[in-house]
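Residue numbers (the numbering used here), protein chains in the order written: chain R, 353 to 764; chain Y, 353 to 764.
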């Protein structure tokens with residue numbers, strides 16, 4: 353199997369001014385192409401350092417991806433370094449210069465002289481088109497190894513990688529097809545899910561089942577390789593079916609879907625609407641729902657009722673319930689959900705009340721205690737949760753959990 | 353000046369399952385200690401790869417920080433690699449074993465046998481205590497170079513680095529004092545700020561003025577080095593005064609403060625309160641305000657009035673204004689702010705209406721158009737903004753801008 357190296361160029365990566373998200377993106381993409389990244393070098397804006405990394409990368413990998421150092425200023429040195437590494441000179445590509453000029457003309461400005469340097473390429477290499485910025489990439493070859501240098505700006509790099517580098521890599525891996533499915537899970541942790549699915553996550557298996565976690569969402573990547581796409585597809589399907597069977601409703605979506613996407617999509621297709629009443633999550637559930645483009649179709653109104661007065665005044669939570677049960681209680685979560693549904697005249701509503709901390713906890717109602725109520729025509733349900741860790745985590749997890757309760761109520 | 357290398361160990365870093373935030377953290381911390389990171393190697397869970405990186409790192413740097421690979425499982429190989437690199441064997445440290453056992457006892461469980469491996473150290477090295485996990489770090493020396501291996505879990509790494517590694521590094525840099533000030537700016541971009549402050553950001557200057565950007569917040573790090581802390585402090589103060597003079601109210605805070613911290617702190621100290629009425633930001637301003645612990649002191653209530661009906665019904669926005677001026681208008685932003693302040697009976701209120709996109713824009717009211725109104729005893733002010741890029745960016749920037757308007761209204 354072919355292997356890749358990534359060389360990330362930029363002083364800002366070494367100083368910690370920038371987190372190298374490009375490297376993680378390329379790591380996952382290359383894994384999905386069947387050319388896993390075997391090593392990564394991060395170097396400063398320095399020709400010698402870049403050349404040294406290119407030599408080291410060529411020692412044991414077949415594809416070398418470089419990001420950064422292609423800008424127009426004096427500290428952008430990847431162009432020179434690739435030329436030194438290949439033992440060639442730089443020469444001006446008139447056609448490239450015209451393209452860069454056109455890029456500026458379209459924005460109504462003259463090309464600054466400084467940008468002309470981006471039209472120079474190491475001899476014997478090709479330009480990789482950049483449709484969203486001025487810096488073209490560089491595609492070179494040495495000793496049967498492929499070198500692709502791309503800009504460091506993530507949006508430019510991603511676009512260039514997907515459109516122009518992936519096809520070249522696929523060609524280099526002819527006879528090897530890779531099919532990737534992603535299953536998105538919520539409601540159990542990484543290790544619990546790993547236990548449920550057993551040895552399918554072993555490292556040298558095909559399909560490879562990889563797992564990433566972000567904000568409580570566990571994503572399982574099923575990466576199948578075979579001689580042709582049909583066979584790879586069949587292999588992947590077997591594992592996806594196995595995982596769906598084992599994990600059931602823990603799986604809420606596929607690809608890049610969020611809980612808000614899934615909930616929103618279902619509400620839209622049913623022609624139903626939702627409202628939220630938030631206390632401890634302070635607007636986060638509404639924020640998540642409205643992150644989705646087109647959410648105005650099903651989301652009309654939300655309340656952040658932080659104080660008792662707001663709960664009473666805005667959502668008609670009975671004042672004596674607040675006295676009797678406390679603001680953080682099953683009863684108040686229900687009253688908030690019912691109040692929101694009635695006031696906003698929606699089909700569904702969620703009420704969330706809890707203690708996000710760090711202070712405000714008691715022995716009976718500790719920090720992290722959250723009640724979530726869901727109200728709809730079918731009735732009202734409420735659940736009690738005890739989250740741990742810090743304020744941000746508790747709020748994040750409570751908001752995700754609320755969306756998950758709605759998802760399950762919608763029969764998803 | 354001494355220089356450092358960072359070696360990040362873990363297959364999950366190469367696969368893109370994990371973004372290497374440790375490396376950025378250490379990059380910034382080492383810069384602030386006056387031992388900048390000159391290169392970084394990311395390697396898989398493989399003894400040969402780790403040893404190779406240790407050799408490469410030792411070639412040209414004085415301090416080598418390793419993260420990851422100290423766990424108890426078969427793929428955690430940093431311990432062995434450090435031993436191979438130093439040319440020594442591993443031996444069991446009874447005292448360490450007892451500490452690990454105590455760690456588990458305190459959690460009411462017996463130590464799994466597998467964890468005993470964490471009590472082994474390369475001969476001639478010291479254990480670095482881990483107060484939040486089971487994996488002790490390893491502190492070794494070779495040819496006058498310092499090697500510190502730490503766990504990959506960010507919380508454990510950060511704690512171990514700050515408490516145990518920093519003092520050793522300071523000792524290694526005796527006679528060199530570093531003082532760091534951070535100024536947080538909002539309201540102008542990185543390049544505009546760079547232009548305003550001129551040559552102070554040059555790379556080889558002392559103090560070094562570094563710049564990081566996140567969600568529109570530009571942070572200037574003033575890093576002063578001198579023979580003693582007083583002198584370093586004086587150097588830093590000069591630059592801080594210069595920057596404050598140049599940037600004026602663009603600077604909203606210091607250290608790690610957010611706009612919500614600064615606004616909240618001022619409201620709390622004045623005994624004043626705030627409410628929000630959000631349309632296009634969908635709860636994000638409320639979320640930011642309530643991210644701050646203790647925000648219930650000044651934040652009582654918020655509305656997400658996504659639909660016209662909600663704007664009319666909840667906040668008494670005049671229906672004919674919606675018809676005449678449209679939901680995205682100066683007039684409606686003002687009416688929302690006024691409605692929120694009256695309904696919530698707060699001292700301040702913000703109203704935000706705009707088009708977050710990607711659809712819904714017109715020639716006259718394009719995607720990214722946002723009106724923000726601030727209402728208080730002093731009167732009502734409204735501003736029109738045209739943000740660009742995508743939905744997430746527009747929402748984020750609109751929310752930050754709303755908080756910034758409140759900050760300026762509060763005289764900060």
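Backbone N, C-alpha and C define an ideal beta-carbon position, used for all residues, glycine too.
What you are looking at is a predicted structure, and each value in this text was computed from that prediction instead of being measured.
Could you check which residue in 634/R, 696/R, 395/R and 667/R has the C-alpha nearest to that of residue 644/Y? Reading the second chain from its first residue, position 292 is the one you call residue 644/Y. Ranked by Cα distance from residue 644/Y, the first of 634/R, 696/R, 395/R and 667/R is 634/R.
Taking only beta-carbon atoms, is residue 662/R less than 9 angstroms away from chain Y? For the purposes of this step, residue 662/R is taken as residue 310 along the first chain, with counting starting at 1. Cβ-Cβ to chain Y under 9 angstroms: yes for residue 662/R.
For the beta strand (DSSP E) containing residue 646/Y, list its first residue and its last residue. Here residue 646/Y corresponds to residue number 294 of the second chain, with the count starting at 1. Careful: residue 646/Y lies outside any beta strand (DSSP E) and carries neither H nor E.
Measure the alpha-carbon distance for residue 679/R versus residue 604/R and round it to whole angstroms. As a working note, residue 679/R is residue 327 in the first chain. As a working note, residue 604/R is residue 252 in the first chain. The straight-line gap from Cα to Cα measures roughly 31 angstroms.
Under 7 angstroms between beta-carbons, which chain Y residues line up against residue 395/R? List them in chain order, please. For the purposes of this step, residue 395/R is identified with residue 43 of the first chain, where counting begins at 1. Here the neighbours are 391.
Burial state of residue 821/Y, where buried means 16 or more other Cβ atoms lie within 10 Å: A question about residue 821/Y goes unanswered here, because the residues of chain Y that appear run from 353 up to 764.
Taking Cβ-Cβ distances below 8 angstroms as the criterion, which residues of the region 560 to 589 of chain Y are in contact with chain R? 562, 563 and 564
Is there contact between the region 398 to 412 of chain Y and the region 513 to 533 of chain Y, where contact requires at least three CB pairs shorter than 8 angstroms? Contact between the region 398 to 412 of chain Y and the region 513 to 533 of chain Y is absent: fewer than 3 CB-CB pairs across the two stretches fall below 8 angstroms.
Excluding five sequence neighbours on each side, which residues of the same chain lie with their C-beta closer than 7 angstroms to the C-beta of residue 531/Y? For this step, residue 531/Y is matched to residue 179 along the second chain. Closer than 7 angstroms at the Cβ level, and outside the excluded window around residue 531/Y, lie 576, 581, 584, 585 and 588.
Measuring only the C-alpha atoms, how far is residue 485/Y from residue 721/R? Position 133 of the second chain, counted from the first residue, corresponds to residue 485/Y. Position 369 of the first chain, counted from the first residue, corresponds to residue 721/R. Looking at the two C-alpha atoms, the distance is approximately 25 angstroms.
In three-state terms, what does DSSP make of residue 410/Y? Position 58 of the second chain, counted from the first residue, corresponds to residue 410/Y. In the three-state DSSP reduction, residue 410/Y falls in the helix class (H, G or I).
How far does the alpha helix (DSSP H) with residue 450/Y in it extend, from its first residue to its last? The residue you call residue 450/Y lines up with position 98 of the second chain. Its alpha helix (DSSP H) spans residues 446 to 458.
To be precise: take each residue of the region 628 to 639 of chain Y, compare its Cβ to all Cβ atoms of chain R, and keep it if any distance is under 7 angstroms. Which residues remain? 634, 635, 636, 638 and 639
Which residue's Cα is closest to the Cα of residue 466/R: 423/R, 762/R, 704/R and 663/R? Start at 1 with the first residue of the first chain, and residue 466/R comes out as number 114. Checked all of 423/R, 762/R, 704/R and 663/R; the closest Cα to residue 466/R is 423/R.
Is the distance from the Cβ of residue 412/Y to the Cβ of residue 390/Y below 9 angstroms? Here residue 412/Y refers to the residue found at position 60 when the second chain is read from its first residue. Here residue 390/Y refers to the residue found at position 38 when the second chain is read from its first residue. Between residue 412/Y and residue 390/Y, the gap from beta carbon to beta carbon is short of 9 angstroms.
Please look up how many angstroms separate the CB atoms of residue 652/Y and residue 662/R, rounded, as I've assumed it's under 8 angstroms. As a working mapping, residue 652/Y is identified with position 300 in the second chain. As a working mapping, residue 662/R is identified with position 310 in the first chain. Contact flag correct, Cβ pair sits at about 5 angstroms.
Once you ignore the five residues that flank residue 442/R on each side, which residues in its own chain have a CB closer than 8 angstroms to its CB? Walking along the first chain from the start, residue 442/R turns up at place 90. Short of 8 angstroms from the beta carbon of residue 442/R, and not among the five residues preceding or following it, lie these beta carbons of its own chain, in chain order: 431, 432, 435, 472, 473, 474 and 475.
Measuring only between beta-carbons, confirm whether residue 474/R sits less than 9 angstroms from chain Y. The residue labelled residue 474/R in the question sits at position 122 within the first chain. Judged by the 9 angstroms Cβ criterion, residue 474/R is not in contact with chain Y.
Which whole-angstrom value is the C-beta distance of residue 674/R and residue 650/R, which I expect to be below 8 angstroms? In the first chain, the residue the question calls residue 674/R occupies position 322. In the first chain, the residue the question calls residue 650/R occupies position 298. So it is not a contact: roughly 30 angstroms between Cβ atoms.
Please list, in chain order, the chain R residues whose beta carbon lies closer than 7 angstroms to that of residue 371/Y. Walking along the second chain from the start, residue 371/Y turns up at place 19. 371, 373 and 376, listed in chain order.
Tell me whether residue 658/Y is buried or exposed, calling it buried when 16 or more other Cβ atoms sit within 10 Å of its Cβ. As a first step, residue 658/Y must be located in the second chain, where it is residue number 306. It counts as buried.
To the nearest angstrom, how far is it from the Cα of residue 539/R to the Cα of residue 602/R? Residue mapping note: residue 539/R aligns to position 187 of the first chain, counting from 1. Residue mapping note: residue 602/R aligns to position 250 of the first chain, counting from 1. If I take the Cα positions, the gap works out to 6 angstroms.
If contacts are defined as beta-carbon pairs under 8 angstroms, then residue 545/R and residue 570/R qualify, I think. What distance do you get, rounded to the angstrom? Counted from its first residue, the first chain places residue 545/R at position 193. Counted from its first residue, the first chain places residue 570/R at position 218. 5 angstroms between Cβ atoms; contact.
Report the CB separation of residue 525/R from residue 385/R in whole angstroms; it is logged as a contact under 8 angstroms. For the purposes of this step, residue 525/R is identified with residue 173 of the first chain, where counting begins at 1. For the purposes of this step, residue 385/R is identified with residue 33 of the first chain, where counting begins at 1. Rounded, the Cβ-Cβ distance is 7 angstroms, consistent with contact.
Proximity to residue 660/R [Cα-Cα], best of 640/R, 632/R, 637/R and 639/R: Taking the first chain and counting its residues from 1, one reaches residue 660/R at position 308. Here the closest residue by C-alpha is 632/R.
What does residue 743/R reach in chain Y if we use C-beta pairs closer than 8 angstroms? For the purposes of this step, residue 743/R is taken as the residue at position 391 of the first chain. By Cβ distance, chain Y contributes 643 and 645.
Straight-line gap, residue 427/R to residue 672/Y (C-alpha atoms, nearest Å): Here the question's residue 427/R lines up with position 75 in the first chain. Here the question's residue 672/Y lines up with position 320 in the second chain. A straight line joining the alpha-carbon of residue 427/R with that of residue 672/Y spans about 57 angstroms.
Neighbouring residues, chain R, relative to residue 542/Y (Cβ below 9 angstroms): Working through the second chain from its first residue, we reach residue 542/Y at position 190. Within 9 angstroms Cβ-Cβ: nothing; residue 542/Y doesn't reach chain R, min ~10 angstroms.
Through-space distance from residue 456/Y to residue 444/Y, alpha-carbon basis: Working through the second chain from its first residue, we reach residue 444/Y at position 92. Working through the second chain from its first residue, we reach residue 456/Y at position 104. Taking the straight line from one Cα to the other gives about 18 angstroms.
Taking the alpha-carbon positions, what's the residue 410/Y to residue 399/Y distance? Walking along the second chain from the start, residue 410/Y turns up at place 58. Walking along the second chain from the start, residue 399/Y turns up at place 47. Rounded to the nearest angstrom, the two C-alpha atoms are 17 angstroms apart.
Are any of the Cβ atoms in chain R nearer than 9 angstroms to that of residue 414/Y? Within the second chain, numbered from 1, the residue matching residue 414/Y stands at position 62. Answer no: the Cβ-Cβ gap between residue 414/Y and chain R never drops below 9 angstroms.
Can you find a C-beta in chain R that's less than 9 angstroms from the C-beta of residue 656/Y? In the second chain, residue 656/Y corresponds to position 304, counting from 1. Any Cβ of chain R closer than 9 angstroms to the Cβ of residue 656/Y would place that residue at the interface, and such an atom is present.
Would you verify that the beta carbon of residue 407/Y is, or is not, closer than 9 angstroms to some beta carbon of chain R? Within the second chain, residue 407/Y is the residue found at index 55, counting from 1. No, residue 407/Y does not count as interfacial toward chain R.
If distances are taken between C-alpha atoms only, which option among 703/Y, 693/Y and 743/Y comes closest to residue 713/Y? The residue you call residue 713/Y lines up with position 361 of the second chain. For residue 713/Y, the nearest C-alpha among the options comes from 743/Y.
Beta-carbon gap between residue 764/R and residue 615/R smaller than 9 angstroms: Against the first chain, residue 764/R aligns to sequence position 412. Against the first chain, residue 615/R aligns to sequence position 263. Closer than 9 angstroms, so yes.
Please confirm whether residue 503/R and residue 419/R have their CB atoms less than 9 angstroms apart. As a position in the first chain, residue 503/R is number 151, starting the count at 1. As a position in the first chain, residue 419/R is number 67, starting the count at 1. Yes; because the gap between Cβ atoms is below 9 angstroms, this pair is in contact.
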